[in-house]
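Peer 1: Structure in structure tokens, see below.
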Amino acid sequence: MPRRRLDREASLTAQTCALERAAESLQPPHRRLLDDPDSALFAGRYGPLLARPVIARTWLRALDSYLPGLHLYIVLRVRYTDDVLQQAISAGIDQVVLLGAGFDTTSLRAATMACGPVIFEVDAPTTQQEKRRLLECANRAVGSQVHWVPCDFEHDRLTERLVQAGFDPTRPCVVVWIGVSVYLTRPAIDQTLADLAEICAPGSRLVTDFGDPETVTGKHRLAGARRTARLVRRRGEPWLTALSLPEVTCAAEDAGFVVRDHARTTDLAERYAPNGQPWCSTDDWLGVLTAERVPSETDRD
């Protein structure tokens, strides 16, 4: 496999997602889709776009005009994931695994939760090192309940890395695997699901995304999907695999997970946008789902 950009430096797409979340957090409360100001810590050289709300709003509108449907999904999948996390923690689950954590801010928000869960941040070493550096520069320490787990999904065994970091496979967990699988080969996706089947106790939840397969081929009917695929390819982080909802459902079932809920972009808008009417495009080519690990015959034995 050719050397990837991610082998050399932190993920640029992860940084862009953080910038989108931070910019959305600057919008007026009556139209704001997400409140995640900590994402600004990871804006890097794009920080000037967050200097004033009007600048952030202008940039977001330009982005949404060129890549319709992407921004709405980027910010509302966070709302969806947070709901799943809160429900799971309320039900007594105390382990959270962030697969491909990127510049996600869950670990910072979890520090304020009562009975905060143990969090395992799993990501490529380059991105993880940059995230820790930026947190240190901002004097923003994560709690002792956060464990850093460097891992390359294409080459490393997830089970080994997690157990070495202190993960307890006998207790249920929530696995958040968002915005990652599209950058992996199909064998790497299947291996990760097999690893999760091995390490996730019954009752565990998996939050992951799906999308229209045409996004990878560049032949999608929606301009936002086509342009986004071209853009990430030019940035050196190409999309490799997009699994439809039926494909993800089948792959999850093979790994012992049953889909309990799913939402495409338009569904997320109805759930979370003010009056169900977001300010940005609802072009629909991405989605997110929740699956539950069910007992297997081996578990019953």
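Each residue of the sequence shown is one higher than the one before, starting from 925 at the first, in my numbering. Glycine included, C-beta positions come from ideal geometry on N, C-alpha and C.
With three or more beta-carbon pairs closer than 8 angstroms as the criterion, would you say the stretch 995 to 1006 touches the stretch 1074 to 1094?
Peer 2: The answer is no - the stretch 1074 to 1094 does not touch the stretch 995 to 1006, with fewer than three Cβ pairs under 8 angstroms.
Peer 1: Beta-carbon within less than 6 angstroms of Ala942's beta-carbon, same chain only, minus the 5 sequence neighbours each way: which residues are those?
Peer 2: So the qualifying residues of the chain are Ser963, Phe966, Phe1027.
Peer 1: By Cβ distance below 8 angstroms, which residues in the same chain neighbour Lys1143 in space, the five residues on each side in sequence not counted?
Peer 2: Closer than 8 angstroms at the Cβ level, and outside the excluded window around Lys1143, lie Arg1150.
Peer 1: In or out: Arg1158 buried (at least 16 other Cβ within 10 Å) or exposed?
Peer 2: Exposed, since its Cβ has fewer than 16 Cβ neighbours within 10 Å.
Peer 1: CB-CB under 6 angstroms to Glu1122, same chain, minus the five flanking residues each way: which ones, in chain order?
Peer 2: Thr1083, listed in sequence order.
Peer 1: Compute the Euclidean distance between the alpha carbons of Asp1114 and Ala1175, then round it to the nearest angstrom.
Peer 2: Answer to the nearest angstrom: the Cα atoms are 7 angstroms apart.
Peer 1: Are the beta-carbon atoms belonging to Trp1072 and Leu1146 less than 7 angstroms from one another?
Peer 2: No, the Cβ-Cβ distance between Trp1072 and Leu1146 is not below 7 angstroms.
Peer 1: Hey, would you say Arg1095 sits closer than 7 angstroms to Ala1125, going by beta carbons?
Peer 2: Going by C-beta atoms, Arg1095 is nearer than 7 angstroms to Ala1125.
Peer 1: Would Gly1135 pass as a contact of Gly993 if the rule is Cβ separation under 7 angstroms?
Peer 2: No. Outside cutoff.
Peer 1: Spell out whether any CB of chain C is found under 7 angstroms from the CB atom of Ser935.
Peer 2: Of the chains in the structure shown, none is chain C; there is only one protein chain.
Peer 1: Which stretch, first to last residue, makes up the beta strand (DSSP E) that contains Gln951?
Peer 2: From DSSP, Gln951 is part of no beta strand (DSSP E); its letter is neither H nor E.
Peer 1: Which value, in whole angstroms, describes the spacing of the CA atoms of Leu1058 and Gln1069?
Peer 2: Answer to the nearest angstrom: the Cα atoms are 19 angstroms apart.
Peer 1: Relative to the C-alpha of Glu1177, which residue among Gln1053, Glu1216, Leu984, Glu944 is closest?
Peer 2: Ranking Gln1053, Glu1216, Leu984, Glu944 by Cα distance to Glu1177 puts Glu1216 first.
Peer 1: Which term fits Cys1061, buried or exposed, when burial requires 16 or more other beta carbons within 10 angstroms of its beta carbon?
Peer 2: Result: exposed.
Peer 1: Could you name the residues that DSSP lists as bridge partners for Ala1215?
Peer 2: For Ala1215, which the question treats as bridged, DSSP gives the partners Leu1130, Val1183.
Peer 1: My output table needs one value for Gln1069: the three-state DSSP class, helix, strand or coil.
Peer 2: Three-state DSSP puts Gln1069 in coil, outside helix and strand.
Peer 1: Taking C-beta to C-beta, are Leu996 and Pro1202 nearer than 7 angstroms?
Peer 2: Yes, the pair counts as a contact, with Cβ atoms nearer than the cut-off.
Peer 1: Under three-state DSSP, which class holds Val1100?
Peer 2: Three-state result, Val1100: strand.
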